[in-house]
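Residue 109 in UniProt numbering sits at position 109 of the sequence shown, and the numbers go up by one each step.
All C-beta atoms in this analysis are idealised placements derived from N, C-alpha and C, irrespective of residue type, glycine included.
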Amino acid sequence: MAMIRPAAIAATKITHAPLAPKKIQNEQPERLSALQPVLLTTVPNDVEFPLLDVNFCGETMPLDDADVLSRWKHVLTLFRPQTASLGDLRERADAFFPLIDSTLKAYDIPPDFRYIPLAESGLKARAVSSKGAGGYWQLMPGTARELGLRVGGRTDERFNPKKATIAACKYLRKLYDLFGSWSLVAAAYNVGPGYVKRQLQKQAHCDYYQMKLPRETRYYLFRVLLYKELLSRPDDYSSFFTPLPLTTFRFGSNWTGLRAA
């Protein structure tokens, strides 16, 4: 979620070496839970893992890196029991994407960022996190106000897909001007630009996949890319996701989204 206020972003750009219609219905405010599944069975040996070229905004996922491959396998495997919900998610995406694609283009934001709200809110219009982030893009109230949205009283424009997307795009442009890498922009959107800036000072010439990050952020871009892959080329992953294995989870109450274990 976008938790860091834009005013806190330093003006100096970080230099490093990155790797080369269906109407959406209003929903009642819904709390997003941060609870996580803690037990996951492995994929059966007879199921072949799909090793395909995957990229985010042209930045290729380095699957020759053992740690990167492990994270990607983990995220795809974690989603296998949830594939029955993919149809509903696709239906919401088909309604949502036409509302935001022109705005992304107007702000010169790569189209892969259309998948960020899937990872943030599951495309639930009235989603509110336990920390107060709200809407499709999960903007914090202070951040939203600084980006020009009205938040307060009976008005909360974070729940307006068009206005919230304009605000998010302004924020994403600021992050890209700072970091010059779209994968680091995604990381900063999740963990905050201050954290990413400090890590770049400690780890010169590193990218998202090499950077030391909090656990949620280490898996964040992988979750975004899972939605991109499954919605843009589902046939390439069909053999991996069907049939579903029997998997044992221990859930807390109201666990609603894909999370890293």
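Please confirm whether residue i and residue j have their CB atoms less than 9 Å apart.
i	j	result
residue 224	residue 164	no
residue 196	residue 179	yes
residue 125	residue 159	yes
residue 172	residue 240	no
residue 109	residue 206	no
residue 76	residue 236	no
residue 153	residue 144	no
Can you round the beta-carbon distance between residue i and residue j to whole angstroms, since I take them to be within the 8 Å contact cut?
i	j	result
residue 68	residue 209	5 Å
residue 231	residue 71	Rounded, the Cβ-Cβ distance is 20 Å, inconsistent with contact.
residue 118	residue 227	4 Å
residue 57	residue 137	Between residue 137 and residue 57 the Cβ distance is about 17 Å, and since that is not below 8 Å, they are no contact.
residue 193	residue 175	6 Å
So the beta strand (DSSP E) residue i belongs to, where does it begin and stop?
i	result
residue 54	Unbroken run through residue 54: none, as it is neither H nor E.
Consult DSSP for residue i and reduce its assignment to one of helix, strand or coil.
i	result
residue 242	coil
residue 129	strand
residue 152	strand
residue 139	strand
residue 48	coil
residue 87	helix
How far does the alpha helix (DSSP H) with residue i in it extend, from its first residue to its last?
i	result
residue 232	215 to 232
residue 74	66 to 79
residue 199	193 to 202
residue 62	Here residue 62 belongs to no alpha helix (DSSP H), and DSSP marks it neither H nor E.
residue 120	116 to 121
residue 161	161 to 179
Could you tell me the alpha carbon to alpha carbon distance between residue i and residue j, rounded to whole angstroms?
i	j	result
residue 79	residue 242	12 Å
residue 218	residue 177	22 Å
residue 191	residue 184	10 Å
residue 167	residue 127	17 Å
residue 157	residue 83	32 Å
residue 116	residue 50	23 Å
residue 106	residue 100	10 Å
residue 161	residue 149	12 Å
residue 74	residue 121	21 Å
residue 200	residue 188	12 Å
residue 155	residue 92	24 Å
residue 280	residue 95	Nothing can be reported for residue 280: it is not among the residues displayed for the chain, which extend from 1 to 261.
residue 85	residue 233	16 Å
residue 142	residue 62	36 Å
residue 203	residue 132	32 Å
residue 88	residue 123	10 Å
residue 147	residue 129	19 Å
residue 238	residue 81	13 Å
residue 60	residue 48	21 Å
residue 22	residue 55	Note that residue 22 scores a pLDDT of 41, beneath 50, so its modelled location is shaky and nothing firm can be said.
residue 66	residue 211	15 Å
residue 64	residue 198	27 Å
Tell me whether residue i counts as near the ligand ADP, meaning its Cβ is closer than 8 Å to at least one heavy atom of that ligand.
i	result
residue 172	Absent from the structure shown: the ligand ADP. Ligands present: none.
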